[in-house]
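Peer 1: Its first residue numbered 10, the sequence shown is counted upward by one per residue in my numbering. I have a structure I would like to understand better, so I am pasting it below and will then ask my questions one at a time.
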Amino acid sequence: MKFFVDSADVAAIAELNDLGMVDGVTTNPSIILKSGRDIMEVTKEICSIVSGPVSAEVVSLTADEMIAEGRKLAEIAPNITVKVPLTWDGLKACKVLSGEGKMVNVTLCFSVNQALVAAKAGATFISPFIGRLDDINLDGLELISDIRDVYDNYGFETQILAASIRTANHVAQCALIGADVMTAPPAVIKGLASHVLTDKGLDQFVKDWAKTGQKIL
Ligand code: G3P
């Protein structure tokens, strides 16, 4: 499963990238707001660090405007993925932009049917939002599993990009289901290395080592 970082925090992306944890990056208007940076500038900086797909989202609501914005965003770097919302106009933009050879990430997906129409419109990635479904007491992981089944049933090549990931369990379950990609905030990715028994075991090793009185260096 590929790891994308759901952030525009350049320092955090660079740190994870140095460890080989970054196959791509996703952003959205809320993430750009949080960064306090200009979208064109920060996206360009991210693309200078990360060679994999970097999603930059359009902000208009009509297909023609989304297409124009997508073309402008795609000029930032060759690895830009244009992110469009899962609306009828977004699908029109997806069809045109993917027809031009651009990678397109169709976002705000909350149903199997939405994932189906995005695949038919030529989406490179479909972004089902796990956490936001869980927020309203639906099962976000079940949606990932259902889309996996449907795409496999018909051989759709659109990659499932599990988004709105909030927990380490979301990541593990997405990997078990067979999501192609997961995107998560830096803190969630760093948290994947943690386990309470690792901390407990290490604490004991440190104490026992001190009792030996030995040194390696
Ligand atoms: O990738 C989508 C993500 O940014 C949304 O996450 O936590 O705001 O639902 P969240």
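Built from N, CA and C at the ideal position, the CB exists for glycine as well.
1) With a threshold of 8 Å between beta-carbons, can R80 be considered close to chain D, or not?
2) V113 and L106 - do their beta-carbons sit closer together than 8 Å?
3) Does the separation of the CB atoms of L117 and F138 fall below 8 Å?
4) Just confirm the distance between the C-beta atoms of V205 and V180, as a whole number of angstroms; I'd bet it's less than 8 Å.
5) Closer than 6 Å by C-beta to V31: which residues in its own chain qualify, once you throw out the five before and the five after it? Chain order, please.
6) Going by the C-beta, is S173 closer than 7 Å to any heavy atom of ligand 1?
7) Does DSSP put Q168 in a helix, a strand or coil?
8) Taking the beta carbon of E50 as the centre, do at least 16 other beta carbons fall within 10 Å, making it buried, or is it exposed?
9) Using the rule of at least 16 other Cβ atoms within 10 Å of the residue's Cβ for burial, across every protein chain shown, is Y160 buried or exposed?
10) List the DSSP bridge partners of A193.
11) Name the two residues that bound the continuous alpha helix (DSSP H) containing L147.
12) Would you call the segment 213 to 223 and the segment 37 to 53 touching, i.e. three or more CB-CB distances under 8 Å?
13) Which residues in the same chain as T104 place their Cβ atom closer than 8 Å to its Cβ, once the five residues preceding and following it in sequence are excluded?
14) Tell me the residue span of the alpha helix (DSSP H) that contains P134.
15) Is E66 helix, strand or coil by DSSP?
16) Mapping DSSP to helix, strand and coil, what is L206?
Peer 2: Quick look at the numbers:
1) Given the protein chain composition of this structure (a single chain), no chain D is represented.
2) Along the sequence shown, read from residue 1 onward, the residue named residue 106 stands at position 97. Along the sequence shown, read from residue 1 onward, the residue named residue 113 stands at position 104. Going by C-beta atoms, L106 is nearer than 8 Å to V113.
3) The residue labelled residue 117 in the question sits at position 108 within the sequence shown. The residue labelled residue 138 in the question sits at position 129 within the sequence shown. Closer than 8 Å, so yes.
4) For the purposes of this step, residue 205 is taken as residue 196 along the sequence shown, with counting starting at 1. For the purposes of this step, residue 180 is taken as residue 171 along the sequence shown, with counting starting at 1. Contact annotation, V205 with V180: C-beta distance approximately 17 Å; criterion of less than 8 Å not satisfied.
5) Locating residue 31 in the sequence shown gives position 22, counting from the first residue. Beyond the five residues adjoining it in sequence on each side, V31 comes within less than 6 Å, by CB distance, of V14, L25 and V59 in the same chain, given in chain order.
6) As a working note, residue 173 is residue 164 in the sequence shown. Indeed, a heavy atom of ligand 1 lies less than 7 Å from the Cβ.
7) Position 159 of the sequence shown, counted from the first residue, corresponds to residue 168. In this structure, Q168 counts as strand in the three-state DSSP scheme.
8) Residue numbering aside, residue 50 sits at position 41 when the sequence shown is read from its first letter. Label assigned to E50: exposed.
9) Counting from 1 along the sequence shown, the entry for residue 160 is found at position 151. Counting C-beta atoms within 10 angstroms of its own C-beta, Y160 has 16 or more neighbours from the protein chains shown and is therefore classed as buried.
10) For the purposes of this step, residue 193 is identified with residue 184 of the sequence shown, where counting begins at 1. According to DSSP, A193 bridges with V14.
11) Mapped onto the sequence shown, residue 147 falls at position 138. For L147, there is no enclosing alpha helix (DSSP H), since its DSSP letter is neither H nor E.
12) No, they do not touch.
13) Counted from its first residue, the sequence shown places residue 104 at position 95. Checking the sequence, you will find Lys at residue 104 rather than Thr. Exclusion of the five residues before and after K104 leaves A130 and G131 as the residues of its chain whose Cβ lies within less than 8 Å of its Cβ.
14) Counting from one through the sequence shown, the residue named residue 134 turns up at place 125. Per the sequence shown, the amino acid found at residue 134 is Phe instead of Pro. F134 -> not in any alpha helix (DSSP H); beta strand (DSSP E) instead, spanning F134 to P137.
15) As a working mapping, residue 66 is identified with position 57 in the sequence shown. Three-state DSSP puts E66 in a strand.
16) Translated into positions along the sequence shown, residue 206 becomes position 197. Looking at L206 - three-state DSSP - the assignment turns out to be helix.
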